[in-house]
Each structure stands twice: as C-alpha cells, then as structure tokens.
Amino acid sequence: MKSLIAHLLCLLFPVLAFSQEMVKVNILEVYDKIPAPPADAQAAHSRL
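Whatever position you read off the sequence shown (first residue = 1), add 697 for the numbering used here.
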C-alpha cells in the first residue's frame, strides 16, 4: 500500500509543478495587459 502511494506521489508531483507553472504564465499574461499608470495628472485627465 505504501509503495502505491509513493508511485502516485511520483506521478502527481510533475503534474502539480506543470499546472503551477501554467497558472504563473497566465497571471503574467493578464498583468501585461494592464495599462501603465499615467505619468502625471494631465495624462490621467486626458484618459477620461
């Protein structure tokens, strides 16, 4: 029984690491789409 659990863990660790990496990539892609804050108040008002 212990060896079965060990084998399952060995199979799950790469899957978990890969899915975590995909989440990180998705978060970075969303973050890149957020526009930069305006440099000054005049630029901020021109956006409105």
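Using N, Cα and C, we set each Cβ at its ideal position, and we do this for glycine too.
In this structure, the straight-line span from the alpha carbon of alanine 736 to that of histidine 742 is close to 11 angstroms. Inter-residue distance for methionine 698 and histidine 704 is about 10 angstroms (C-alpha atoms, whole angstroms). Each residue's CA atom was taken as its position, placing alanine 738 and alanine 714 some 43 angstroms apart.
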